[in-house]
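Structure, as structure tokens:
Residue numbers (the UniProt record's numbering): 1 to 153.
Structure (structure tokens):
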């Protein structure tokens with residue numbers, strides 16, 4: 001049996017991810033946000049992270065790209081940094097008032113986009129899709145973790 005590589009879950013999920021990214025980018029750009037900034041914005045809004053290290057961990061990116069993103073976000077007036085009273089070498093990062101004011105509209109736009117893309121799906125199917133994607137991501141994380149531990153003894 002010859003499988004069609006273009007019909008594999010990996011390829012289809014990649015296509016879906018790029019489609020979601022394009023849709024989200026087009027809806028976030030007028031608000032001054034980028035789709036790649038979303039994990040940082042949400043983490044800061046929800047108080048899940050307030051340092052560069054924590055944000056990088058939360059967003060699952062390395063420190064150098066996170067530093068670059070935070071520099072752009074600061075330049076664009078979305079975040080501000082203040083010295084960390086507990087650690088003089090570190091700074092606390094928080095959303096600016098402007099970013100806080102735009103967040104509800106941005107989140108609404110993203111939820112509308114997700115709802116539109118799930119047209120024709122029942123609520124149960126949409127929940128099942130989310131559950132399956134979460135399990136898939138857990139599997140990918142476990143594989144990456146075990147492979148990285150084999151490379152870095």
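C-beta atoms are modelled at their ideal positions from N, C-alpha and C, and glycine is treated no differently.
Shortest Cα-Cα distance from residue 32 to any of 72, 131, 126, 125 involves 72. The C-beta distance from residue 51 to residue 90 rounds to 6 Å, short enough to meet the 8 Å contact threshold. With fewer than 16 other beta carbons inside 10 angstroms of its own, residue 112 counts as exposed. Counting along the chain, the unbroken beta strand (DSSP E) around residue 91 starts and ends at 87-95. Taking 7 Å as the cut-off, the beta carbon of residue 45 is found closer than this to the beta carbon of residue 103.
Secondary structure at residue 84: strand, using DSSP grouped into helix, strand and coil. Each of 136, 99, 131 was checked against the Cα of residue 37, and the nearest Cα belongs to 99.
Straight-line measurement puts the Cα of residue 49 at about 13 Å from the Cα of residue 60. Counting only the Cα atoms, residue 9 lies some 11 Å from residue 132. Straight-line spacing of the CA atoms in residue 117 and residue 81 works out to 36 Å. Residue 35 is positioned such that its CB atom lies no closer than 7 Å to that of residue 55. Contact annotation: residue 28 and residue 126 have beta-carbon atoms that are not nearer than 7 Å.
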